[in-house]
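A.B. asks:
In my numbering, the protein residues as written are 92 to 717.
1. Using a Cβ-Cβ cut-off of 6 angstroms (strictly less than) and excluding sequence neighbours within five positions of residue 688, which residues of its own chain qualify?
2. Suppose the cutoff is 7 angstroms on Cβ atoms and the five residues either side in sequence are ignored; what does the same chain contact list for residue 373 look like?
3. List, from N- to C-terminal side, the alpha helix (DSSP H) runs of 4 residues or more that fit wholly inside the region 479-562.
4. What residue range is occupied by the uninterrupted alpha helix (DSSP H) comprising residue 570?
5. Using beta-carbon positions only, say whether residue 350 and residue 264 come within less than 8 angstroms of one another.
6. Of the choices 457, 546, 434 and 336, whose alpha-carbon is the least far from that of residue 416?
7. Can you tell me whether residue 333 is buried or exposed, with buried defined as 16 or more other CB within 10 angstroms of its CB?
8. DSSP state of residue 654, grouped into three classes?
9. Considering only residues of the same chain and omitting the five flanking positions on each side of residue 612, which have a CB-CB separation below 6 angstroms?
10. Using CA coordinates, which residue listed in 134, 130, 127 and 646 is at the minimum distance from residue 121?
11. Relative to the alpha-carbon of residue 152, which residue among 303, 259 and 197 has its alpha-carbon at the smallest distance?
12. Under 8 angstroms Cβ to Cβ from residue 355, same chain only, skipping five residues before and after it: list those, please.
13. Restricting to Cα atoms, I'd like to know which of 96, 125, 128 and 104 is closest to residue 117.
14. Here's the rule: buried if 16 or more other CB atoms are within 10 angstroms of the residue's CB, otherwise exposed. What is residue 211?
15. Quick one: is residue 721 buried, meaning 16 or more other Cβ sit within 10 Å of its Cβ, or exposed?
16. Quick test of the definition: if touching needs 3 or more C-beta pairs under 8 angstroms, does the region 121-132 touch the region 140-147?
17. Measure from the alpha carbon of residue 655 to the alpha carbon of each residue in 390, 685 and 587, then state which is nearest.
18. Can you tell me where the beta strand (DSSP E) holding residue 207 begins and where it ends?
19. Determine the closest residue to residue 386 out of 340, 425 and 411, with distance taken between C-alpha atoms.
20. Answer with buried or exposed for residue 207, where buried requires no fewer than 16 other C-beta atoms within 10 angstroms of its C-beta.
21. Consult DSSP for residue 635 and reduce its assignment to one of helix, strand or coil.
22. DSSP on residue 334, reduced to helix/strand/coil?
23. Runs of 4 residues minimum, wholly inside the region 291-332: which ones carry the alpha helix (DSSP H) assignment?
24. Quick one, are the C-beta atoms of residue 185 and residue 269 less than 8 angstroms apart?
25. From residue 453 to residue 440, what distance separates their C-alpha atoms?
26. Grab me the residues of residue 719's own chain with a C-beta within less than 6 angstroms of its C-beta, minus the 5 sequence neighbours each way, in chain order.
27. Residue 579 by DSSP, collapsed to three states: which one?
28. So if DSSP puts residue 273 in a beta bridge, which residue, or which two residues, is it bridged to?
29. Indicate whether residue 327 and residue 267 have their beta-carbon atoms separated by less than 8 angstroms.
30. Nearest CA to the CA of residue 718: which residue from 651, 576 and 277?
31. In the DSSP assignment, find the alpha helix (DSSP H) that holds residue 259 and state where it starts and stops.
32. Enumerate, from N- to C-terminal direction, the unbroken beta strand (DSSP E) stretches of 3 or more residues contained entirely within the region 131-202.
33. Excluding the five sequence neighbours on either side, which residues of its own chain have a C-beta within less than 7 angstroms of the C-beta of residue 630, listed in chain order?
34. Can the beta-carbon of residue 639 be found closer than 8 angstroms to that of residue 529?
35. Could you name the residues of the same chain whose beta carbon sits closer than 8 angstroms to that of residue 700, not counting the 5 residues immediately before and after it, in chain order?
36. Tell me the start and end of each unbroken alpha helix (DSSP H) in the region 397-464 that is at least 4 residues and wholly inside, in chain order.
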């Protein structure tokens with residue numbers, strides 16, 4: 092495994108945790124994808140991609156360039172399935188497996204997939220009985236197939252997909268499907284972990300069918316078996332179990348040694364008695380290895396893990412977007428970004444107007460008081476009552492207010508996508524901004540006599556919307572226009588192409604990426620048609636400018652490129668802009684990144700993968716029906 096590049100889906104799960112550590116210890120270069128935050132104690136030298144893998148892109152996988160793919164990610168219900176599991180099973184089993192293989196088959200370096208399938212594929216009539224059996228039934232790879240539940244069905248579906256792909260791509264990569272038996276281990280939802288959690292909480296446990304036989308497969312052994320199978324050429328199906336089943340009653344006896352005062356009850360049930368055991372002869376012939384661990388030495392490890400887990404669990408928090416007004420594309424962009432983490436995250440929207448359009452596009456609407464009325468304590472109370480962990484301000488007029496709360500809210504576990512107040516003031520005050528050093532801004536003055544050019548631009552010092560701007564005026568016209576403004580400032584009129592620059596600056600003051608775009612059609616100061624473009628030299632100049640501004644989160648620069656290709660910066664908005672959604676399409680994943688940062692995740696292992704082709708955004712209205 093040394094130096095092999097390996098992608099593990101579901102790497103934070105029961106088997107995933109074990110397999111990642113084993114791979115790293117063997118010198119592999121590992122990328123992990125999972126919904127949850129990186130587990131404590133994970134190796135530091137892995138690439139960890141947190142989020143729903145239904146949204147992972149071809150560019151991300153190509154960038155890592157894996158040789159081996161361990162596909163472990165899945166959702167699972169073992170016995171009586173809920174109605175809701177119908178949708179969950181499709182999304183995170185069937186759709187996910189298809190999506191990942193659709194991408195992986197095109198990765199140039201890809202050589203081998205090891206799929207974590209399940210013995211639930213076998214016909215349950217082979218191993219489920221009305222009466223308990225004296226010994227378990229060995230199941231062979233050639234036995235009859237009839238999945239016992241939706242999870243088993245989805246496993247079979249992907250086995251068939253891999254067989255199909257192998258038929259057409261056998262010269263490119265091979266695949267093997269390991270039908271894993273009754274898995275248990277650290278971080279599991281299996282009955283052994285559930286019993287241990289109940290016993291640690293001094294709760295009574297309920298025991299069904301103690302005479303039942305299961306081939307209990309410890310996660311560490313499952314991980315070792317999968318690694319062994321990755322290192323051979325064999326394709327097709329193989330059982331991954333111990334070949335030595337134990338009774339449910341044996342598990343209870345082991346637990347009693349560690350919990351001598353345990354309370355338990357034996358419960359009658361109409362569930363059939365299981366009596367299953369893996370025939371491991373094929374496994375042994377392929378890899379010359381069999382699992383070695385027993386319940387007696389693995390259960391103590393799970394007990395210690397559950398003791399630790401009890402005190403170290405984290406909960407995903409919701410998002411509040413302020414001043415949502417009619418910013419529907421922004422709301423949808425935030426939703427798209429955070430749903431990459433989890434579909435359980437709720438989007439709250441706030442606005443002073445209870446009839447605003449945005450209220451129909453959020454999970455929960457809050458009629459916010461005006462900022463001169465809203466106290467920090469009232470805002471904090473709303474956030475705590477609604478499990479808010481991230482606030483995204485959207486309007487220039489509120490940036491200073493929220494920036495002043497940044498430290499107070501951080502201490503309460505609430506993250507704000509907001510820059511420090513000094514940096515915000517530098518952007519809001521257009522006169523101050525124009526005279527900052529190292530930003531190549533167009534010089535400005537509140538005295539027209541200081542501007543030597545014959546053609547001028549005149550605007551509000553603190554901004555009043557694009558409608559207040561006078562462009563390409565002579566001095567007489569400029570002075571006349573100035574009488575209409577509260578705090579007018581004057582600048583030289585620069586002829587050239589107007590551009591906008593979207594950028595994301597991390598909490599570690601790293602410029603994660605920038606997207607440059609031409610403003611093709613501008614209406615009332617907003618881009619209605621905008622197109623991305625690539626220019627490495629210009630990008631380098633812009634990075635230096637942005638670095639000097641000491642901002643955080645998503646920001647927007649506006650500038651002109653004159654006929655000599657020189658850049659003249661007009662202004663900077665320390666927030667997400669109306670047309671900035673195009674930058675998300677081009678690879679600047681701002682709302683995914685900000686949510687990760689709100690959870691304390693460093694973005695160093697989350698690459699900025701810029702779309703290499705240029706794209707055009709056309710903003711238009713759309714009707715919705717609710």
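For every residue, glycine included, the Cβ atom is placed at its ideal position computed from N, Cα and C.
C.D. replies: From the atom records:
1. As a first step, residue 688 is located in the chain shown; it is residue number 597 there, counting from the start. 598, listed in sequence order.
2. Here the question's residue 373 lines up with position 282 in the chain shown. Sequence-distant Cβ neighbours of residue 373 in its own chain, meaning closer than 7 angstroms and more than five residues away, are 232, 329 and 330.
3. With a minimum length of 4 residues, the unbroken runs of alpha helix (DSSP H) contained wholly in the region 479-562 fall at 490-495, 497-502, 512-519 and 521-525.
4. Indexing the chain shown from 1 puts residue 570 at position 479. For residue 570, the enclosing alpha helix (DSSP H) starts and ends at 566-573.
5. Position 259 of the chain shown, counted from the start, is the residue given in the question as residue 350. Position 173 of the chain shown, counted from the start, is the residue given in the question as residue 264. Cβ atoms of residue 350 and residue 264: not closer than 8 angstroms.
6. For the purposes of this step, residue 416 is identified with residue 325 of the chain shown, where counting begins at 1. Comparing Cα positions, the closest option is 457.
7. Residue mapping note: residue 333 aligns to position 242 of the chain shown, counting from 1. Answer is buried; the Cβ neighbour count reaches 16.
8. Indexing the chain shown from 1 puts residue 654 at position 563. If DSSP states are grouped into helix, strand and coil, residue 654 belongs with coil.
9. As a working note, residue 612 is residue 521 in the chain shown. Excluding sequence neighbours, residue 612 sits near 619 and 620.
10. The residue given as residue 121 occupies position 30 in the chain shown. When each option's Cα is compared against that of residue 121, the closest is 134.
11. In the chain shown, residue 152 corresponds to position 61, counting from 1. Residue 197 is the option with its Cα nearest to residue 152.
12. Counting from 1 along the chain shown, the entry for residue 355 is found at position 264. Taken in chain order, the residues that qualify are 295, 296, 297, 298 and 343.
13. Within the chain shown, the letter at position 26 stands for residue 117. Of 96, 125, 128 and 104, the residue nearest in Cα terms is 96.
14. As a working mapping, residue 211 is identified with position 120 in the chain shown. Per the 10 Å Cβ criterion, buried.
15. As shown, the chain starts at 92 and ends at 717. That puts residue 721 outside it, with no answer to give.
16. Between the region 121-132 and the region 140-147, the count of C-beta pairs closer than 8 angstroms reaches three or more; the two stretches touch.
17. Position 564 of the chain shown, counted from the first residue, corresponds to residue 655. It is 587 whose Cα lies nearest to the Cα of residue 655.
18. Position 116 of the chain shown holds residue 207. Counting along the chain, residue 207 sits inside the beta strand (DSSP E) bounded by residues 203-209.
19. Here residue 386 refers to the residue found at position 295 of the chain shown. Between residue 386 and the set 340, 425 and 411, the nearest pair of CA atoms involves 340.
20. Position 116 of the chain shown, counted from the first residue, corresponds to residue 207. Per the 10 Å Cβ criterion, buried.
21. The count along the chain shown starts at 1 and reaches residue 635 at position 544. In the structure shown, residue 635 sits in a helix (DSSP, three-state: H, G or I).
22. Here residue 334 corresponds to residue number 243 of the chain shown, with the count starting at 1. Residue 334: coil per DSSP, three-state reduction.
23. Positions of the alpha helix (DSSP H) runs, each at least 4 residues long and wholly inside the region 291-332, are given as 310-321 in order along the chain.
24. Position 94 of the chain shown, counting from 1, holds the residue named residue 185. Position 178 of the chain shown, counting from 1, holds the residue named residue 269. In this structure, residue 269 does not lie closer than 8 angstroms to residue 185 by Cβ.
25. Locating residue 453 in the chain shown gives position 362, counting from the first residue. Locating residue 440 in the chain shown gives position 349, counting from the first residue. So the two alpha carbons sit approximately 6 angstroms from each other.
26. In the structure displayed, the chain extends from 92 to 717; residue 719 sits before or after that span and is not available.
27. Translated into positions along the chain shown, residue 579 becomes position 488. Residue state, collapsed to three classes: strand.
28. Sequence index remark: in the chain shown, residue 273 carries index 182 (1-based). Per DSSP, 307.
29. Indexing the chain shown from 1 puts residue 327 at position 236. Indexing the chain shown from 1 puts residue 267 at position 176. Yes, the Cβ-Cβ distance between residue 327 and residue 267 is below 8 angstroms.
30. The chain is shown from 92 up to 717; residue 718 falls before or after that span and cannot be answered.
31. Here residue 259 refers to the residue found at position 168 of the chain shown. 241-260 is the span of the alpha helix (DSSP H), which, as asked, contains residue 259.
32. Listed in chain order, they are 138-141 and 159-162.
33. As a position in the chain shown, residue 630 is number 539, starting the count at 1. Cβ-Cβ distances below 7 angstroms link residue 630 to 605 and 607 in the same chain, with the five nearest sequence neighbours on each side left out; the list follows chain order.
34. In the chain shown, residue 639 corresponds to position 548, counting from 1. In the chain shown, residue 529 corresponds to position 438, counting from 1. Judged by their CB atoms, residue 639 and residue 529 are nearer to each other than the 8 angstroms cut-off.
35. Taking the first residue of the chain shown as 1, we reach residue 700 at position 609. Same-chain partners within the cutoff: 148, 150, 151, 154 and 678.
36. If we require 4 residues or more, the alpha helix (DSSP H) runs fully inside the region 397-464 come out as 419-429.
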